[in-house]
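Chains as they are written, first to last, in my numbering: chain C, 4 to 482; chain S, 109 to 370.
Single-structure report; data block below.
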C-alpha cells in the first residue's frame with residue numbers, strides 16, 4: 004500500500020492508497036521505502052521548531068503541514084513575500100519539498116499550498132483566489148470529496164455558489180464551516196504548539212557562532228535586554244528558555260526554572276552556565292548557531308520589599324538562589340523540602356516537595372512537637388517500603404519476637420518497648436490494610452529497630468477458617 | 109648532613125609551620141558538644157568552617173546518622189541544613205525521617221534534601237553548598253567505597269568551608285578512612301542502652317564514638333549520649349541500681365524486660 008509519494012510518482016499516475024503490487028506493475032523500477040509514521044511526526048515537529056525563528060505561533064497540521072501565524076512578524080523579514088521566499092528556500096536547501104502560501108485564513112492558505120504554492124492572497128481575496136481549484140484541495144475527506152464530485156460540483160467555486168443551507172443539509176455543518184473559512188468568511192484559530200512566552204529577546208548572526216565563549220557572551224547580553232524589558236513592567240522571570248538555532252535547521256531548547264522571580268541578569272547568566280555545564284548531551288554547535296533566543300515563558304510581578312536589618316530574610320534569599328543553582332544543574336525534582344501531612348501512618352507523615360516551589364511553605368510548616376523527656380518515639384531512618392523479616396516465634400501470640408532475621412543477619416532481641424498500635428485509615432480508599440503493632444527493639448549489638456506485626460493476632464483467617472500467622476516487618480532504624 | 113640540605117629542610121619546616129598556623133588562626137570558631145571530655149580533646153568543641161568525617165560500618169549507619177545529625181544541630185545554630193545523598197540510599201539505609209528528626213529535638217523545617225544521581229554530582233553540589241554562607245551545615249552522605257572522594261575533592265571542600273564558614277560533615281557508611289584534609293575523623297558504633305531501672309528501658313540515643321584523628325588535639329573513645337530535650341551531647345547517664353529495694357509481694361519492676369504501653 005502506498006503511504007506517501009513524491010511529485011514524479013504522482014505524474015506517473017500512482018496514488019496514495021494504491022496497492023504496491025499495482026504500482027510496481029505500472030512502474031517496475033519504483034523506489035520503495037517503508038513508511039515510518041513516528042519518524043515523520045518527529046521530522047515535522049523538528050521543522051516546526053525551526054520555524055519558531057519566524058514566529059512563536061507555530062501549529063502542527065498533521066500529517067505533513069504547518070501553520071504559522073505571522074501576524075505582526077512579516078515586517079521583520081522584509082515583508083510577506085520576502086518571508087515566504089526565505090522560508091521556502093531555506094527548507095528546500097535542507098532537502099524538503101515545500102509548498103507554502105500566505106492567506107487571511109488558515110484553511111484558505113492550506114488550500115493554496117496544495118494548488119498554487121507561493122501565492123499570497125490579500126485580505127478579502129480568498130474566495131476569488133481558490134474558486135477555480137478542485138474540491139479535493141479543501142482537504143475535507145474522501146467521502147465528502149466523492150460526494151461533491153458525484154453531485155457535479157467539481158470546483159470550489161461551484162460549491163460556493165450553492166446556498167450554505169443545501170451544503171449543510173447534504174454534507175454536514177463541519178464541512179460548511181470549513182468551506183466558509185476557506186472562502187474567508189470567519190476564521191478558526193490555530194492551536195500553537197507552545198504557549199506564547201511573555202517576553203522574547205533574540206539575536207541573529209550573519210556569521211554563525213560556535214565557541215562557548217561567544218555563546219555565553221550572547222546569552223548574558225540577551226539576559227540584560229530581557230531583564231531591562233521586564234523591569235519596565237515590574238516583572239521577574241520564573242521560567243526561562245534559551246533556544247539555539249543551528250544553521251542546519253536543528254533547534255535545541257534549554258530551560259531553567261527558579262523558585263523566586265529573577266530580576267538580575269547575572270543570576271540568569273549563572274543559572275544557564277550551570278545548566279549548560281551539566282547537560283548530559285552537551286550543546287553541539289555543528290556548523291554554528293545563526294540565532295539564539297531567550298524567552299521568559301513564566302513571569303511574575305515582583306514586589307519590591309523593604310529590606311530590614313534582619314539578616315534572616317537575606318539568608319532565605321541566598322538559600323533560594325543556591326537551590327535554584329543546584330536545581331539547574333541536577334534537576335528540580337532532586338532538591339526537596341519536606342511538608343508535614345495530616346496523617347498518623349508513619350510512611351505518609353512527611354511529603355517531599357520540590358524545594359524551588361515549596362521553600363516558603365516548608366519554612367513555616369508546623370510539625371508535631373515532641374513529648375518532653377521521652378526517648379525518641381519515631382525512628383531516625385524510615386524505609387519507604389517496610390522490609391519483611393522472619394520471626395521464628397513470639398513468646399505470646401500478640402507479643403514481640405525474641406529474635407528475627409533481617410537482611411540475612413540474625414538479631415537477638417535484648418530490650419523491647421511496645422506495642423504502639425497504629426490502625427490504618429479506613430476512610431481512605433486504598434484497599435483494606437491491617438492494623439500494625441509497632442515495637443521498639445534493641446538487639447544484642449545495641450542496634451535499635453522499629454518493627455511491626457502486620458495484623459492483629461487471629462485477624463487474618465484463610466478460607467478454611469484457620470488463622471494465618473501475621474508477618475513482621477522492619478520499618479525503621481533508631482539512632 | 110650537609111649545610112645546604114639542612115637549611116633546605118629548615119625552610120620547608122618553616123613553610124609547613126606557616127601553613128599550619130594559618131589554619132589554626134582560621135579555625136577559632138568552636139562549638140561545644142556538651143560532653144566535657146570530648147570538648148577538652150577538641151580544644152573547646154567542634155570547629156566550624158571545617159570538614160569532619162564520620163565513618164561507620166554498613167549496619168551501624170543509623171547510629172552514625174544520629175551522631176551527624178547531632179553535630180549538625182550543634183554547629184548550624186538555627187541556620188538551614190543541606191543534606192546531600194545518593195539516589196539509592198533510601199533503599200539501602202532508609203530515608204531520613206522528618207518525624208524522627210523532630211523526635212531527637214532538631215527542626216525538620218530547616219532541612220533541604222538533595223538526591224544526587226552519582227558521587228560526582230553529590231561532591232559538586234556539596235562544594236557549591238559549602239560556599240554559600242546562608243547555610244549552617246552541609247552533610248554529604250556517601251555509601252560504600254568511592255574513588256571520587258580523594259584528597260583533591262576533600263581539599264576542595266575544605267577550602268570552600270573555610271571561605272564561607274559553613275561546616276561540612278561527611279557521613280561515610282560502609283567505607284574505610286582514606287587520607288583527607290578533614291579536621292576530625294570519627295568511627296561510630298551504636299552503644300547499648302544503660303542497665304535499665306525498670307521504667308526507662310529505652311533511653312536517649314547513645315553512641316560509641318571513637319575519635320580516630322584530630323588535627324589539633326588527642327584522640328580517644330567515649331560513650332556519648334544525645335539529650336533530645338537540650339539538643340546537646342552529654343556523658344552517658346548511668347542507672348546503676350534500682351533506687352528502692354525490690355518488693356517481695358509483687359514482681360520486681362527491674363526484672364521484666366518488656367514494658368507494655370498503648
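Quick reminder that beta carbons are idealized off the backbone N, C-alpha and C, glycines included.
Reduced DSSP secondary structure (H/G/I, E/B, other) of residue i
i, result
"residue 100/C", "coil"
"residue 138/S", "strand"
"residue 405/C", "coil"
"residue 124/S", "helix"
"residue 4/C", "coil"
"residue 70/C", "strand"
"residue 300/S", "coil"
"residue 251/S", "strand"
"residue 216/C", "helix"
"residue 339/S", "coil"
"residue 204/C", "strand"
"residue 80/C", "helix"
"residue 30/C", "coil"
"residue 164/S", "strand"
"residue 46/C", "helix"
"residue 259/C", "strand"
"residue 184/S", "helix"
"residue 87/C", "helix"
"residue 474/C", "strand"
The ligand COA heavy atom lying under 6 angstroms from the CB of residue i
i, result
"residue 296/C", "In the structure on display, the ligand COA does not appear, and there are no ligands present to speak of."
Residue i versus the options, residue with shortest Cα-Cα distance
i, options, result
"residue 320/S", "296/S, 261/S, 201/S", "296/S"
"residue 2/C", "30/C, 283/C, 221/C", "As shown, chain C starts at 4 and ends at 482. That puts residue 2/C outside it, with no answer to give."
"residue 134/C", "125/C, 163/C, 264/C, 17/C", "163/C"
"residue 288/S", "220/S, 183/S, 261/S, 254/S", "261/S"
"residue 181/S", "323/S, 210/S, 115/S, 225/S", "210/S"
"residue 299/S", "258/S, 343/S, 280/S", "343/S"
"residue 217/S", "12/C, 355/C, 61/C", "355/C"
"residue 69/C", "176/C, 110/C, 160/C", "110/C"
"residue 269/C", "253/C, 302/C, 324/C, 304/C", "324/C"
"residue 158/S", "184/S, 255/S, 149/S, 174/S", "184/S"
"residue 502/C", "221/S, 212/S, 201/S, 151/S", "One cannot answer for residue 502/C here, as it falls past the ends of chain C, which runs 4 to 482."
"residue 108/C", "128/C, 427/C, 149/C", "128/C"
"residue 339/C", "303/S, 189/S, 213/S, 284/S", "189/S"
"residue 386/C", "191/S, 125/S, 266/S, 200/S", "200/S"
Neighbourhood of residue i by C-beta, 8 angstroms cutoff - its chain only, sequence neighbours within 5 removed
i, result
"residue 333/C", "281"
"residue 160/S", "154, 179, 275, 276, 277, 278, 290, 291, 292, 293, 294"
"residue 179/C", "167, 170, 171"
"residue 481/C", "379, 382, 383, 443, 451, 452, 453"
"residue 100/C", "9, 10"
"residue 65/C", "44, 47"
"residue 116/C", "68, 102, 103, 104"
Outcome for residue i when other beta-carbon atoms lying within 10 angstroms are tallied against a minimum of 16
i, result
"residue 441/C", "buried"
"residue 476/C", "buried"
"residue 238/C", "buried"
"residue 439/C", "buried"
"residue 431/C", "exposed"
"residue 207/S", "buried"
"residue 2/C", "Residue numbering for chain C in the displayed model covers 4 to 482; residue 2/C lies beyond these limits and cannot be assessed."
"residue 484/C", "As displayed, chain C neither begins before 4 nor continues past 482, which places residue 484/C out of reach and without an answer."
"residue 345/S", "exposed"
"residue 348/S", "Because residue 348/S sits at a pLDDT of 45, beneath the cut-off of 50, its placement in the model cannot be relied upon, and the following sentence gives the value as read from the coordinates. By the neighbour-count rule (16 or more Cβ atoms within 10 Å), residue 348/S is not buried but exposed."
"residue 230/S", "buried"
Sequence-distant residues of the same chain with beta carbon closer than 7 angstroms to residue i, five excluded per side
i, result
"residue 282/S", "165, 166, 251, 252"
"residue 327/C", "261, 262, 274, 359"
"residue 330/S", "143, 145, 146, 317"
"residue 408/C", "392, 393"
"residue 168/S", "296, 297, 298"
"residue 269/S", "157, 158, 159, 238, 275, 276"
Cβ shell of residue i (< 6 angstroms), same chain only, five flanking positions each side left out
i, result
"residue 124/C", "106, 132"
"residue 264/S", "235"
"residue 6/C", "38"
"residue 21/C", "5"
"residue 212/C", "291, 292"
"residue 13/C", "none"
"residue 303/C", "239, 241, 264"
Residue i at chain A interface by Cβ criterion, 7 angstroms
i, result
"residue 311/S", "No chain A appears in this structure, whose protein chains are C and S."
query: Of all the alpha helix (DSSP H) runs that stay within the bounds of the segment 131-179 of chain C, which reach a length of 4 or more residues?
result: 145-153, 159-164, 167-174
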